[in-house]
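The opening residue of the sequence shown carries number 232 in our numbering; numbering runs sequentially from there.
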Amino acid sequence: MNRKSNLLSLLLAVMVVLFATSCSSKLKPLSQSNFNVTPSPLETVGNQIPVTINGTFPEKWFHKSATLTITPVLKYGDSELAGTPFSYQGEKISGNRVTISNSKGGNFTITTTFPYKPEMLSSELYLRFDGRIKNKQSKLPDLKVADGVIATSALADVKTSTPSVAPDGFQRIIKEAQEASIMFVIEQAKLRQSELDKKDLSDWKTRVEQAFNDPKQNLNLEVSAYASPDGGLSLNEKLAAQREKNTSSYLTKELKSKKIDTEIYARYTAEDWDGFRQLVSASNLQDKDLILRVLEMYPDSETREKEIKNISYVFEDLAETILPQLRRSRIIANIEIVGKSDEEIMAAWNSNPKELSVEELLYASTLTTDDKVKERIYQFVTANFSNDYRGWNNIGTMFYKQGDFAKAKQSFERAAQVNPSAPEANMNKALLAIMDNDLQKANELLGRSAGAASLDQAMGVLSLLQGNYNQAVGSYGNNQTNNAGLAQLLVRDYNKAKQTLEAVENPDATTAYLLAIIASRTNNFNDVAGNLRTAIGRDRSFAVKAANDLEFAKYRTNQEFMSIVK
């Protein structure tokens, strides 16, 4: 019996060893308690789903000869999408994987990002394990670690952003100044015939006559007479006054002969120190800095003149080059050219658009709310002013608003060819780059878009899609659009978001849906129900979206909610 008992004990021991050996050749399944997912449920950032998984390998779990690859897998419908795999190894394995201690176990972190698709609203996050011990596969089941995706940020829509319209340069009143000068001999006020026969004075009189006889032009005349700041102040006072009087009398006679009835505003300056300073500053005089310092140090006219004359070698140059230019009368014709009225511009557009300038044509596009008329105006501009980028850019904005993004792209590209630095064309190309999910290119283009209209909207939607929600709020400012309201919602400023969305000029299904989300987050079911009814009434697809949206998960047992989303 003793011998049989010993044999039985030996057999049992061998079986235990074999069983233990057999068990040690496999990795045990891990449980959800070994993992913590952030965020849970998953949540989009822009159009991406970032996820961080912190895990723990228990003590004695990781076989010393094992390798393990863990891959996050997002399962939705009949599809699945694998994320970034992470690999680990036991202490007896050499390689570049992370080594895990058998006796102590270890903590690890997995990060990955999935590109968002609307179908992922109803989804589950799993971990897939590829375990091997001495190259022999150790099967482990997929482990579910998180449910669903909150995709509110994915409601950002670049297609609703306002493309940038290049401005017109139309001015109702264009101000023009025609100027001539009559020069005088030192210490004299007599008008010399050689000065009166100069071409610039002849041209001045011709322009004044044209302006006076044109009902679309307003005219006023100025005379400013001067003496140079050498000689005594009393002498210069009399000299400048006489120069003004002689000049004004001459002009009055000339205007009367041409039956030009307009006032002359006349004045004189005894010593033209301002003109002196300007001419010296612009000159090549050897010691001009010394002269300018004298002007700053001595405000008194007599002291200035004395100090400058003390620099004898400089004063000789001044007497030859600077002072003669200050003995003059300036005569100025201030002309206001009054452009066409709004009515005249639109009448010309309808009867004979070729009589309109490019600025008038582009301005005409702002005088109508009819998009078809706007488009015809831009087509006319591209046909008749093909080297002006604004026509190409602006017709592209019409295609963009119509949803014809292929034609919009062609137009914006043509605008950029005509003027590569055009801020509006670059901004509009950035919107299309965002649409293509090329955010790096969009950033580059927006960097060349300073001054473009609607740039704040483009910057805002780019920030939304990059997950920079506070930056998006700052970009949108007081814009009242769906995207602006979404940015405020995502930073949890629900009151401001509600105000913004309720002020949207042309609310659509997305507007109402965002208001329903705000109502859900603030526990106002009546507004949830009302806004969802509005959203679904505008776009039936929002019923399915709401039924699967985790923003409304707490209402899935509510009969009224379920009846709305059926």
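Yeah, the Cβ is synthetic: ideal placement off N, Cα and C, and Gly gets one too. If you're wondering where the values come from, they're calculated on a predicted model, not measured in any experiment.
For residue i and residue j, I'd like the C-alpha separation in whole angstroms.
i           : j           : result
residue 481 : residue 487 : 10 angstroms
residue 575 : residue 533 : 59 angstroms
residue 749 : residue 618 : 49 angstroms
residue 627 : residue 397 : 11 angstroms
residue 742 : residue 385 : 14 angstroms
residue 291 : residue 281 : 32 angstroms
residue 707 : residue 728 : 12 angstroms
residue 541 : residue 471 : 25 angstroms
residue 652 : residue 768 : 44 angstroms
residue 350 : residue 380 : 10 angstroms
residue 670 : residue 695 : 11 angstroms
residue 673 : residue 655 : 13 angstroms
residue 788 : residue 778 : 11 angstroms
residue 701 : residue 625 : 31 angstroms
residue 745 : residue 594 : 37 angstroms
residue 605 : residue 597 : 8 angstroms
residue 452 : residue 494 : 7 angstroms
residue 454 : residue 395 : 46 angstroms
residue 254 : residue 318 : Note that residue 254 has pLDDT 42, beneath the 50 cutoff, so the model's placement of it is unreliable and no number is given.
residue 667 : residue 676 : 14 angstroms
Determine which residues share a DSSP beta bridge with residue i and list them.
i           : result
residue 172 : It is not possible to answer for residue 172, since the shown part of the chain is limited to 232 through 797.
residue 281 : 344
residue 337 : 288
residue 559 : 414
residue 180 : Within the shown structure, residues of the chain are numbered from 232 to 797, placing residue 180 beyond reach of any answer.
residue 453 : 496, 563
residue 381 : 274
residue 305 : 312, 356
Any idea if residue i is buried or exposed, counting beta-carbon neighbours within 10 angstroms, 16 or more meaning buried?
i           : result
residue 535 : buried
residue 581 : exposed
residue 793 : exposed
residue 465 : exposed
residue 405 : exposed
residue 622 : buried
residue 248 : Here the model assigns residue 248 a pLDDT of 43, short of 50, so the residue's position is not dependable, and the following value carries that caveat. With fewer than 16 Cβ atoms within 10 Å of its Cβ, residue 248 is classed as exposed.
residue 305 : buried
residue 502 : buried
residue 303 : buried
residue 528 : exposed
residue 252 : Unreliable positioning characterises residue 252 in this predicted model, as indicated by a pLDDT of 41, which lies under 50. The coordinate reading is nonetheless provided below. When all chains shown are included, residue 252 counts as exposed.
residue 722 : exposed
residue 298 : buried
residue 340 : exposed
residue 408 : exposed
residue 286 : buried
residue 591 : buried
With DSSP collapsed to three states, give me the class of residue i.
i           : result
residue 425 : helix
residue 398 : coil
residue 698 : coil
residue 266 : strand
residue 273 : strand
residue 500 : strand
residue 261 : coil
residue 375 : strand
residue 674 : helix
residue 477 : helix
residue 331 : coil
residue 791 : helix
residue 494 : coil
residue 749 : helix
residue 355 : strand
residue 369 : strand
residue 736 : coil
residue 439 : helix
residue 319 : strand
residue 310 : strand
residue 648 : helix
residue 448 : strand
residue 796 : helix
residue 610 : helix
residue 726 : helix
residue 516 : coil
Taking 8 angstroms as the threshold (beta carbon to beta carbon), is residue i in contact with chain B?
i           : result
residue 305 : Absent here is chain B; the protein component of the structure consists of one chain.
query = Does the region 547-567 come close enough to the region 410-424 to have 3 or more Cβ pairs within less than 8 angstroms?
reply = yes
message = Contact between the region 605-623 and the region 643-661 is defined here as three or more beta-carbon pairs at a separation below 8 angstroms; is this criterion met?
response = yes
query = Within the chosen definition, does the region 346-358 reach the region 319-331 through at least 3 CB pairs nearer than 8 angstroms?
reply = no
key: At least 3 beta-carbon pairs within less than 8 angstroms: the region 431-442 vs the region 455-463   = no
contact_flag[the region 264-271, the region 367-378] where n(CB pairs < 8 angstroms) is 3 or more = yes
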